[in-house]
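Q: Going by the UniProt record's numbering, the sequence shown runs without a break in its numbering and finishes at 256.
All residues carry an ideal CB built from backbone N, CA and C; glycine is no exception.
Source: prediction; values computed, not measured.
Below is one structure. I have some questions about it.
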Amino acid sequence: MDILMGFELVNPLSEMISFVGGGGKTTTMFSLATKLKEIDKKILVTTTTAIYYPSNNELFDEIFLTDQNDLKQLYSIKEGQIYLLGSSVSKEGKLLGVNPILLEEIYNMKIFDVILVEADGSKGRPIKAPAKHEPVVPPSTTKYIGVIGLDALFMEINSDIVHRIEEFTRIVEANIGDIIMPSTAARLITHPEGLFKNIPSSNCQGYVLLNKGEGEGFEAGREIIRLLEDNAPLFKRIIIGSMKYEKDIKFWRDFN
């Protein structure tokens with residue numbers, strides 16, 4: 001299935017999309033950006049936390065490094081281009097985030113068709129729970145995408161698999177060493193302090209991306225969807241996809 005159809009971005013206009021959780025946020029952002037470039041959209045990729053600077057320069061066309069209010073350079077953007085925005089690049093090769101207030105200003109300028117924001121960090125782990133200060137979501141976010149890597153399913157709860165392990169075990173009511181089951185992921189998704197903790201309350205659509213849905217992960221994803229059917233969800237659609245290897249959406253289910 002088409003990625004843009006899955007996230008309802010076939011003809012986007014003035015969208016700010018925030019990605020939270022674990023399991024492939026950066027890969028998903030650039031996969032969407034590449035597809036949007038193919039239909040000549042003006043795309044900004046950025047973060048309020050930090051992401052690894054892309055090793056493949058073909059993933060973007062130009063980079064802006066600023067956390068200031070001098071935004072005149074943005075008026076020169078062109079259609080069918082991907083722009084990368086950060087405050088600076090660290091010694092570790094990470095693109096450091098910008099202030100959400102700055103992203104609000106850029107969004108209100110209405111010069112980008114789509115702004116893609118990595119609004120959460122997970123240290124490369126497939127699943128996480130947010131700390132008190134997380135995620136850092138711009139208030140004007142129009143689509144909020146919570147990501148879980150299905151490769152976490154049926155693994156033990158430990159620091160190699162789970163980011164923010166203390167918060168995670170409290171939210172999902174489990175212990176370190178327990179096995180992460182589909183029901184564990186379902187609790188993380190529906191808990192008020194879980195995957196949708198800081199979703200803006202108005203004019204924002206929520207999506208769950210169950211990523212790494214190739215192989216056995218697909219059936220695990222379907223089981224999570226089944227468990228959520230009787231809940232009053234905070235999200236509009238749940239998607240099973242493979243953003244890195246198959247670069248595709250395999251299934252989705254609408255909830256409201």
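Applying the 10 Å Cβ sphere with the 16-neighbour rule, what's the burial state of residue 10?
A: Under this definition residue 10 is an exposed residue.
Q: What's the C-alpha gap between residue 118 and residue 240?
A: In a straight line, the C-alpha of residue 118 is about 19 Å away from that of residue 240.
Q: In chain order, what residues of the same chain lie with their CB nearer than 6 Å to the CB of residue 225, ignoring the 5 residues before and after it?
A: Correct list, in chain order: 238, 253.
Q: If we call anything under 8 Å between Cβ atoms a contact, is residue 208 one with residue 251?
A: Result no, Cβ atoms of residue 208 and residue 251 do not sit closer than 8 Å.
Q: Is it the case that the Cβ atoms of residue 114 and residue 15 are separated by a distance below 8 Å?
A: Taking 8 Å as the Cβ cut-off, residue 114 and residue 15 qualify as a contacting pair.
Q: How do the region 79 to 99 and the region 18 to 25 stand: do at least 3 beta-carbon pairs fall below 8 Å, yes or no?
A: No: the two stretches stay apart, fewer than three of their Cβ pairs being nearer than 8 Å.
Q: If you pair each beta-carbon of the region 26 to 34 with each one of the region 153 to 160, do three or more pairs fall below 8 Å?
A: They do not touch, by the three-pair rule.
Q: Just the Cα atoms here: how many angstroms apart are residue 92 and residue 166?
A: Each residue's alpha carbon lies about 26 Å from the other.
Q: So, for residue 161: in the same chain, excluding its five sequence neighbours on each side, which residues have a beta-carbon less than 8 Å away from its beta-carbon?
A: The answer, listed in chain order, is 125, 126, 127, 152, 155, 180.
Q: What number of angstroms, rounded off, separates the C-alpha of residue 42 from the C-alpha of residue 216?
A: Cα-Cα distance, rounded: 36 Å.
Q: My guess is that residue 120 and residue 49 are in contact by the Cβ rule of under 8 Å, so how many angstroms apart are they, rounded?
A: Right, their Cβ atoms sit about 6 Å apart.
Q: CA-CA distance, residue 112 and residue 175?
A: Distance between the alpha carbons of residue 112 and residue 175: 44 Å.
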